[in-house]
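Just so we're aligned: the sequence shown equals residues -22 to -1, 1 to 910 in mature numbering (1 follows the signal peptide of the UniProt record, and there is no 0).
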Amino acid sequence: MLFLQSWISTILMCLLPTSAMANVVGEQVQRVFEASGDSHWRVSVSDDWDVLGPFPIHAREQHLLSPSFPINLTDQIDFNAAWPSSYADGGAVRWTTVRFKGDGELDVSFPNIRWESLRATEGWAALQHHSVLRSTVTVYPPSSTMSAHSNSHPRLLVNLVQGSFFTVIPRTNAEHSSPSIVPQWHAGNVYDMNRAPLQAVSFPTPPSRISPTTYDLFISGDYEIRLFGDPLYNGNRHGVPVLSMSLKIEIEEEPAQPTVALMSSHDVSCDFINGWAFGDALGIGVRSVSGWWTVKKVSLASHIDGLELMLVNTIRIAPTQTRIVPVRITQNASVALIQLSLDLHLVSGGASEILRVTLPVVHHALWNATVYPTDGIKASYFFAATMPTAFIVKPPQELNSGEPHPPVLALHGAGVDIISMPFWIQALPRQRRSWTIAPTGRTAWGLDWHGPSAQDAWSTVDALYGILQHNPAWSEYSLSENTRVLVLGHSNGGQGAWFLASRYPDRIVGVVSAAAYIKSQAYVPLTQSRAAHYIDPSMRAILESSLTPDDNDLFLSNLAYTPILAIHGGDDENVPVWHTREAVSVLKAWNPDANVTYREDSGQSHWYPTVFDNSDVQGLIRSILEQEPGSSHLPPPTEPRSFTLTVSIPAESGSLHGWRIRSLLVPGRLARLTVRMEGMKVNVQTSNVATFSVKSLPDGSELNVDESLVAWTGSATAVMLHFSYQSGIWNARQSSNLVQDIIQPSGRLSRILTTSAPLTIVIDNYESPHLLSAALRIANNLDLYHKIDADIIDDEEALRRQSSRSLGRGNIVVLGSSESHFLGSVLASNRSQFSMHDGSLRLKGRPLNTSENTALFLHPHPYDSDALMLVIHTDVEIGLERALRLVPVRTGITSPDFLILGDISDIVAAAGVLVAGVWGNDWQWNDAMSYF
């Protein structure tokens, strides 16, 4: 977890980089950007900002509220009015003003609020707040007559750092109101990510070609502790929270002809060891400036003996979209290159283009006991089949001796970009015979090491296994296939270490977690929720069930017999030290003799250079790594006679001592399986378990499940035994299919991010500017937050691909209306409780008012049982805008399997959810976890 702002001066010493640094180091942000000469469009942003706030919210609640809360942008705005706010003396706030402080930077604070009094009773929760900012953007047409009558169309390129959302609308003031245009809200770069894609914003109405045109610019400013930190530790002795943002706006003139450009920020490459690529994936960032472009081929700029390149799959790029073109590199001889030059061949209608790309090549000699790259070796692989992804590794000191030793899987803190910030890999001491693997987690924040971030972490381990197997020179340093790991992490990565270990305990040999928080609701509680004042508690329970899979304390039974080292600085100002103390306490409640060592370093803050680099920590790590036999097929060194497995979403959980829960009786609730072995008797007690499996049972053992004797056949060498609960009776059968019977793939909307291939976004037609804008905004956010690739297609193409079963193996997002033919054909299969009848969306046969409400729901893929669909259904633009904010690209958003939103959610947040729930097994209705 991070307070980004508090780490400006210590970026090389800590895991928490400052928000003010990202994307502005070495680059001055200007408020007026002009192309050369007077023949181009220009844009300026007013120095003056109107600010309304603060209003209490909890973290992520801005995804349900209107970003302009409490005002409605289609109404006339009274800048003299007062608005209720419990944070202000007198219970009301008015518009105030602030100014740019220079270089596009803006600080927003409310010093008249008695923050010390609020935090005295509410703690950090009282510091989180929402505000609305308004300024103006003025666009100046070209001064020359010829340019003014050209076919070029201007649009804005906006880079808002640490603001939640922004929109540009026609000018409004006290004399006249805005025309009835639905504001299109774009996500800001709230985490201040590196390698952010360009965000193109079309004007809501065309600017004049003969005189300046002014628009209103609104920003949703949301102060979150995780982003900005406790102001008391940021040099503010009065504890006044300051929302620091930066804004950069440029004009981009859309050319009349299709145009494409390289985006070097998105390039992906790997290092070379003695002339051999340490990985097989290259990625080339490409952006369509205008037109639809298809990458058809890749070729070397000049022949290189022993090296070949191949396009992994055809890539089509929508107008203004950025995608990473996947290129596979193969070798049969070492190469000595300073740089690698290649050509991308693209077409757009009748136009064609060849883009020359030059990638720098970093060479290293083969490591040995004393010499190795101190910044690590950059490796690469294809995440989810086709997404080029880099990660960093540190080689062991010695060759394997017997079975390979488990690697260290090292998870960075939030905001740490391991590619550009080598201090993370440098902070991890080199191991004797174990690799150290540092995955990106997709991006510097990712999904807090959940979902696709966890998927990436495990995939890097498998990728390193493949890389070492591929080259005989590295084979003596190889890993075991499906190797166990020692998972290590700091801050958000420490939380991630608890998460990965407790969800996949059989893949873990030990845990080293430093400065970790238990779960988001414990870090900053949800007590200041606006929705809490209006929502039915039973609805709130269903919505918050989508947070259960992330609550690490609920799953600590799975680690009761795992070696664990928990570390925390005694004066941690970022993540309070009680988090680790409490995690250890909970663990010992499951097993008083748990193999857990708690180390509290008195006087130390959140990050300190010796957090891992000391003899005590290294001695414990090495003792764990050296004891493990190394083979993934062997049982753990000591298997307890009694243990409890806890699971929330079976598809996101592994086995414990060979036992695995595969489906739940009531999805959405916790399931537990307790195993007690007494001689040849195996007693199993289940809670909310529908099916489970075990790799094998001892020959002749007696199995009792829920106090009933269960007959089973097989032997100790059986690959898998499955047990299912039907009509009150447990039945057993033998199977060799290790993935059979995992029949609960859902649980919450964020499951859509865990995909086995690029996401496909389906819209009704390309001619709808609003639908195409919505698809592009989703694709932009997937790129920004997770570097997940997305392909945008229309309804007609989706039907063709469905017919030929060529939709791909990835998940699908459908932006549909009652007129959508593809969505209609999917729902006609009757595979969920949603259906389409007489042009109306229905749930359980009941019509839903889609002229006012919006539905978001997971649905089975048309034909691939391993993939999912997220359907966003609405018949109105404003409904689509509400839904886009809930596409789950961040943690902490309460979004179970299906939601129906009413317009009232704009002012009461989650209390405006009309229907919500979690699907049952086989996508059936789950009455116990549904509100309808």
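Where is the CB? At the ideal position from N, CA and C, for every residue including glycine.
Notebook entry, point to check: CA-CA distance, V335 and I756?
Noted result: If I take the Cα positions, the gap works out to 27 Å.
Notebook entry, point to check: Terminal residues of the continuous alpha helix (DSSP H) containing P747?
Noted result: Note, P747: alpha helix (DSSP H), 747 to 764.
Check: Taking the alpha carbon of I262 as the point to measure from, which residue in H383, A629, K372, V273 has its own alpha carbon closest?
Finding: Residue nearest to I262 within the set H383, A629, K372, V273 is V273 (criterion: CA-CA distance).
Check: Exposed or buried, which one is T348 when buried takes at least 16 other CB atoms within 10 Å?
Finding: Within a 10 Å sphere around the beta-carbon of T348 sit fewer than 16 other beta-carbons, which makes this residue exposed.
Next item on the list: Would you grab the beta carbon distance between F670 and R640 for me? Rounded to a whole angstrom, and I think it's under 8 Å.
Entry: 6 Å between Cβ atoms; contact.
Next item on the list: Write down every uninterrupted run of the alpha helix (DSSP H) in the segment 192 to 236 whose length is 4 residues or greater and which is fully enclosed by it, in chain order.
Entry: The segment 192 to 236 contains, as complete alpha helix (DSSP H) runs of 4+ residues, the segments 203 to 206 (chain order).
Checklist line | C-beta atoms of I871 and V791 nearer than 8 Å | finding: Against a cut-off of 8 Å, the Cβ pair of V791 and I871 comes out as no contact.
Next item on the list: Tell me, please, which residues DSSP counts as bridged to E680.
Entry: Secondary-structure assignment with DSSP links E680 through a beta bridge to K659.
Notebook entry, point to check: Relative to the alpha-carbon of L836, which residue among T828, P825, V849, E94 has its alpha-carbon at the smallest distance?
Noted result: Checking every option, the nearest Cα to that of L836 belongs to V849.
Check: In this structure, does DSSP put E641 in helix, strand or coil?
Finding: Looking at the sequence itself, residue 641 is Ser, so the reference to Glu does not match. Note: S641 maps to strand in three-state DSSP.
Next item on the list: Taking 8 Å as the cut-off, decide whether the C-beta atoms of W897 and P527 are in contact.
Entry: Cβ distance not < 8 Å, so W897 and P527 don't count as in contact.
Notebook entry, point to check: Can you name the residues that DSSP bridges to E578?
Noted result: Answer is H546.
Margin query: Using the Cβ count rule (16 or more neighbours within 10 Å means buried), how would you classify Y841?
Written below: Its Cβ having fewer than 16 others within 10 Å, Y841 is exposed.
Next item on the list: Quickly, what does DSSP pair V110 with across the bridge? List them, please.
Entry: Beta-bridge pairing links V110 to L30, S198.
Margin query: Output needed for A906: all residues of its chain with C-beta closer than 7 Å, excluding positions within five of it in sequence on either side, in chain order.
Written below: In its chain, beyond the 5 residues on either side, V644 have a beta carbon closer than 7 Å to the beta carbon of A906.
Notebook entry, point to check: DSSP three-state call for H815: helix, strand or coil?
Noted result: The DSSP-derived three-state label of H815 is strand.
Note to self: Please report the straight-line C-alpha distance between M847 and N789, rounded to a whole angstrom.
What the structure shows: Going by the C-alpha atoms only, they are around 6 Å apart.
Notebook entry, point to check: Is the segment 32 to 47 touching the segment 251 to 262, taking contact as three or more C-beta pairs under 8 Å?
Noted result: As far as the Cβ criterion goes, the segment 32 to 47 does not touch the segment 251 to 262, which means the pair count is below three.
Margin query: Going by beta-carbon coordinates alone, are Y763 and T421 separated by less than 8 Å?
Written below: Yes.
Item checked: Alpha carbon of S277 to alpha carbon of M288, nearest angstrom -> Distance from the CA atom of S277 to the CA atom of M288, rounded to whole angstroms, is 7 Å.
Checklist line | Where L42 falls: helix, strand or coil (DSSP) | finding: If DSSP states are grouped into helix, strand and coil, L42 belongs with coil.
Notebook entry, point to check: Expressed to the nearest angstrom, what Euclidean distance is found between the alpha-carbon atoms of S818 and N827?
Noted result: The straight-line gap from Cα to Cα measures roughly 8 Å.
Next item on the list: Report buried or exposed for H36, applying the criterion of at least 16 other Cβ atoms within 10 angstroms of its Cβ.
Entry: Around the Cβ of H36, a 10 Å sphere holds 16 or more other Cβ atoms; the residue is buried.
Next item on the list: Taking E286 as part of the beta strand (DSSP E), name the residues at either end of that continuous run.
Entry: Residues 285 to 289.
Check: Between which two residues does the beta strand (DSSP E) containing V891 stretch?
Finding: Taken as a continuous stretch (DSSP letters only), the beta strand (DSSP E) holding V891 covers 891 to 895.
Check: Can you round the beta-carbon distance between residue 917 and Q473 to whole angstroms, since I take them to be within the 8 Å contact cut?
Finding: Since the displayed the chain opens at -22 and closes at 910, residue 917 lies outside it and no answer follows.
Margin query: Bridge partners for E331 per DSSP, in chain order?
Written below: DSSP links E331 through a beta bridge to L324.
Notebook entry, point to check: Comparing alpha-carbon positions, which option in S130, N90, L135, L504 lies nearest R236?
Noted result: For clarity, residue 236 is Pro in the given sequence; the question names Arg instead. Comparing Cα positions, the closest option is S130.
Next item on the list: May I ask you to list the residues that DSSP assigns as paired with N709?
Entry: Bridge partners of N709: S702.
Check: Ordered along the chain, which non-local residues of its own chain (more than five positions away) have a Cβ less than 7 Å from that of S480?
Finding: Shown here for S480: same chain residues with a beta carbon closer than 7 Å to its own, the five before and five after excluded, namely N530, F533, L534, N536, L537 in chain order.
Next item on the list: Would you give the residue range spanned by the alpha helix (DSSP H) that S803 belongs to?
Entry: Here the alpha helix (DSSP H) through S803 covers 799 to 805.
Checklist line | Those residues which DSSP pairs with Q309 across a bridge | finding: In the DSSP output, where bridge partners are listed per residue, Q309 has L285.
Notebook entry, point to check: So what does W271 bridge to, in DSSP terms?
Noted result: Residue pairing from DSSP places W271 in a beta bridge opposite I295.
Next item on the list: Can you give me the start and stop residues for the beta strand (DSSP E) that E83 sits inside?
Entry: Here the beta strand (DSSP E) through E83 covers 83 to 87.
Notebook entry, point to check: Exposed or buried, what is K765 when buried is set at 16 or more other beta-carbons lying within 10 Å of its beta-carbon?
Noted result: Classification for K765: buried.
Next item on the list: Whole angstroms is fine: what's the gap from W708's alpha carbon to F401's?
Entry: Using only the alpha carbons, I get a separation of about 53 Å.
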